[in-house]
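**Q**
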Amino acid sequence: MELLLQISASLQQGDDSKVHELTSLALQQGHAPETILSDSLIAGMDVIGKQFRHHEIFLPDVLMAAKAMNAGLDLLKPLLQESGQIGLGKIVIGTVSGDLHDLGKNLVTIMLKGAGFEVIDLGKDVQPLAFVDTAISENATVIGMSALLTTTMPVMKSVVEILQERGLANSIKTIIGGAPLSDEYAREIGADAYAYDAANAVVKIKEMMGV
Amino acid sequence: MRKSRLFNSAEILPNKKDILKHQGIPEEHTPSTRIQNILSEAIILFIGEAKPQWIRAQVSKSEFKAIYFGAGENFIENPLENIYSQSSHLALFALTVGLEISNKIENLFQQKEYALAAMLDSVASTAAENAVAKCEKLYEKLLEGTGETQTVLAYSPGYCGWHISGQKKLFDHLIPEQIGITLNNRFLMTPLKSVSGVLVAGPPKIHLFKNNFDFCRSCTDKSCTERMWKINHPEEKNSDIRRANGITTADFSQSSTG
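If you're matching them up, the sequences are chains A and B in order.
All residue numbers for the first sequence refer to the numbering used here, where the first residue is 65 and numbers rise by one.
All residue numbers for the second sequence refer to the numbering used here, where the first residue is 143 and numbers rise by one.
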């Protein structure tokens, strides 16, 4: 099997050691880092994402594949940064202030990285201004916000309002997610999208960014 | 009077099917050996790291009325007012599986052990559900000998029309800080795998209600249906694991739109 396909297959099997070994070999053989990223790692995660959406595989399988993706990405990242390749786009993500639930946010981060996005994870208990300021300073085009408490949902509205006040709502899109949220709430606060799970977040962000 | 008690982790250990269900893996699916190994590892970690304990305090109906009213943000139409007013005994409770588990989950994520981290999260969440069921049983046992058949069920702020801001008064009265549970200004409990609420004891029928309130439409839990089914089918009452006890971990109990 061709080496790039082997990397993709190993990733889909969640074999992080193999992905690391084969990625290293591919680089030694002169494959371009961006080719390995797109044709092996992202291609493998695309398959995983589809299988997950179709309930053919489950969360642990996705997370094992994501770990394998990281094993390859660790080798590629320095080279990609040197060449100015930052993947599909940059996203700032975090759990909103007052909320410490970060499992969902972590899963979205893992899935987005697996899909080829650069993700700046601000962690949990993130203040509205921190989302906006980071997005501006990092030149990110999407802010992703997570909340699991009904009492912290209004923080999301604050972020959207700050973007609107600063005239940035067209250049920096917002997406929200978390158990108490809905499409309806996203519309109500003026957010650009709502995602019901991590896989859906990748789909929605790709749509928003046109990639 | 407040009573607190430590649990042994094994006392609230969920069965594997329930953990896998929490991971989104259907019962009819046989997980791969790798997933089963991750599950076993997560269970071992849970047993080693969890420090489950609970605190309870019996309250009178009039005391609970003030606590339940909270900040006055409950839904006007709700089932709990009718339920607790018919109760024979009420006890506030709070429980946690401990901070160590949350820290361990976070560390595993940082170490990129994503699958194990998420599995441990599921073990802890499901164990917290079991701990609530355990508290219900313990309180039921305590009330044995009162002459009546008592069914104890737990209800939490954030559910069934009881606004989550009700946590404040509940904490003021119960003081779960004694077992390490704190509340922030958004009514979030730390450690995350914690549950608080009221144990309502009384004849089984008091727990039955029509779940067609306004807030039921946006409720993602729906476990009241199973709870009521079990009351109507008492032969199922002593099953080992009560999957749906209406209260889940902090992750879920605090996510209600109530």
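Using N, Cα and C, we set each Cβ at its ideal position, and we do this for glycine too.
Here the structure is a predicted model, which is why all the values come from computation and not from measurement.
Report all residues from its chain with a CB closer than 6 Å to the CB of A:Leu-152; omit the five preceding and five following residues, and keep chain order.
**A** The residues are Gly-180, Phe-181 and Val-275.
**Q** If you draw a straight line from the C-alpha of B:Arg-369 to the C-alpha of A:Leu-232, how long is it?
**A** Each residue's alpha carbon lies about 49 Å from the other.
**Q** Note down, in chain order, all residues in the region 153-183 of chain B with a beta-carbon under 9 Å from any beta-carbon belonging to chain A.
**A** Correct list: Leu-162, Gln-165, Gly-166, Ile-167, Pro-168, His-171, Pro-173, Ser-174, Arg-176, Ile-177, Ile-180 and Leu-181.
**Q** Going along the region 324-337 of chain B in order, which residues come within less than 9 Å of chain A, judged by CB to CB distance?
**A** Within the region 324-337 of chain B, the qualifying residues are Asn-326, Asn-327, Arg-328, Phe-329, Leu-330, Thr-332 and Leu-334.
**Q** Could you list which residues in chain A have their beta carbon closer than 9 Å to that of B:Ile-306, in chain order?
**A** Within chain A, the residues near B:Ile-306 are Leu-213, Thr-214 and Thr-215.
**Q** Which residues in the same chain as A:Lys-131 place their Cβ atom closer than 6 Å to its Cβ, once the five residues preceding and following it in sequence are excluded?
**A** Around A:Lys-131: Asp-80.
**Q** Can you tell me whether B:Lys-372 is buried or exposed? The criterion is at least 16 other CB atoms within 10 Å of its CB, across all chains shown.
**A** With 16 or more Cβ atoms within 10 Å of its Cβ, B:Lys-372 is classed as buried.
**Q** Kindly indicate which residue of B:Pro-346, B:Pro-318, B:Gln-320 and B:Ile-306 has the alpha-carbon position closest to the one of B:Arg-328.
**A** The candidate whose alpha carbon is nearest that of B:Arg-328 is B:Ile-306.
**Q** Nearest CA to the CA of B:Lys-145: which residue from B:Glu-183, B:Pro-194, B:Asn-179 and B:Ala-199?
**A** Out of B:Glu-183, B:Pro-194, B:Asn-179 and B:Ala-199, B:Ala-199 has the C-alpha closest to the C-alpha of B:Lys-145.
**Q** So, using beta-carbon positions, are B:Ala-343 and B:Val-294 closer together than 8 Å?
**A** Contact: yes.
**Q** Could you name the residues that DSSP lists as bridge partners for A:Met-128?
**A** A:Met-128 is not bridged to any residue.
**Q** Going by beta-carbon coordinates alone, are A:Phe-116 and A:Ala-265 separated by less than 8 Å?
**A** It is not a contact, given that the beta carbons lie outside the stated cut-off.
**Q** How about B:Ser-244 and B:His-164: are their beta carbons less than 8 Å apart?
**A** It is not a contact, given that the beta carbons lie outside the stated cut-off.
**Q** So, at 7 Å on beta carbons, what are the nonlocal neighbours of B:Lys-379 in its own chain, with the 5 sequence-adjacent residues on each side left out?
**A** Per-residue confidence for B:Lys-379 stands at a pLDDT of 49, beneath the threshold of 50, marking its modelled position as unreliable; the derived number appears in the next sentence. Lys-372, listed in sequence order.
**Q** Would you decide whether B:His-231 is buried or exposed? Buried here means 16 or more other CB atoms lie within 10 Å of its CB.
**A** When all chains shown are included, B:His-231 counts as buried.
**Q** Would you list, in chain order, the members of the region 119-138 of chain A that have their beta-carbon closer than 7 Å to a beta-carbon of chain B?
**A** Answer in chain order: Phe-122, Leu-123, Pro-124, Leu-127, Met-128, Ala-130, Lys-131 and Asn-134.
**Q** Please report the Cβ distance between B:Gly-303 and B:Pro-221, rounded to the nearest whole angstrom; I am assuming they are in contact, meaning their Cβ atoms lie under 8 Å.
**A** About 7 Å separates the two Cβ atoms, so the contact holds.
**Q** Say whether chain A places a C-beta atom closer than 8 Å to the C-beta of B:Met-261.
**A** Yes - at least one Cβ of chain A is within 8 Å of the one on B:Met-261.
**Q** Does any residue of chain A bring its CB to less than 8 Å from the CB of B:Thr-238?
**A** No, B:Thr-238 lies away from the interface with chain A (no Cβ there is under 8 Å from its Cβ).
**Q** For A:Asn-234, count neighbouring Cβ atoms within 10 angstroms of its own Cβ and tell me buried if that reaches 16, exposed if not.
**A** It is exposed - the Cβ of A:Asn-234 has fewer than 16 other Cβ atoms within 10 Å.
**Q** Looking at chain B, is there any beta carbon in it that lies within less than 8 Å of the beta carbon of A:Gly-162?
**A** By this cut-off, A:Gly-162 is an interface position.
**Q** Please report whether the beta-carbon of B:Ala-269 lies at a distance below 8 Å from any beta-carbon of chain A.
**A** With 8 Å as the cut-off, B:Ala-269 does not count as an interface residue toward chain A.
**Q** State the Cα-Cα distance for the pair A:Ala-211 and A:Asp-185, rounded to the nearest angstrom.
**A** If I take the Cα positions, the gap works out to 14 Å.
**Q** Quick check on DSSP: helix, strand or coil for A:Ala-282?
**A** Missing from the structure shown is residue 282 of chain A; chain A here goes from 65 to 275 and no further.
**Q** Span of the beta strand (DSSP E) holding B:Tyr-89?
**A** With chain B covering 143 to 400 only, the question about residue 89 of chain B has no answer from this structure.
**Q** From the DSSP output, which residues share a beta bridge with B:Lys-352?
**A** DSSP lists no partner for B:Lys-352.
**Q** Would B:Asn-224 be called buried (16 or more neighbouring beta carbons within 10 Å of its own) or exposed?
**A** By the 10 Å Cβ count, B:Asn-224 comes out exposed.
**Q** In three-state DSSP terms, what is B:Met-143?
**A** Of the three classes helix, strand and coil, the one that applies to B:Met-143 here is coil, per DSSP.
**Q** When DSSP labels each residue in this structure, what does B:Leu-284 get in the three-state scheme?
**A** In this structure, B:Leu-284 counts as helix in the three-state DSSP scheme.
**Q** If distances are taken between C-alpha atoms only, which option among A:Ser-102, A:Leu-101, A:Gly-208 and A:Ile-71 comes closest to A:Ile-269?
**A** Ranking A:Ser-102, A:Leu-101, A:Gly-208 and A:Ile-71 by Cα distance to A:Ile-269 puts A:Gly-208 first.
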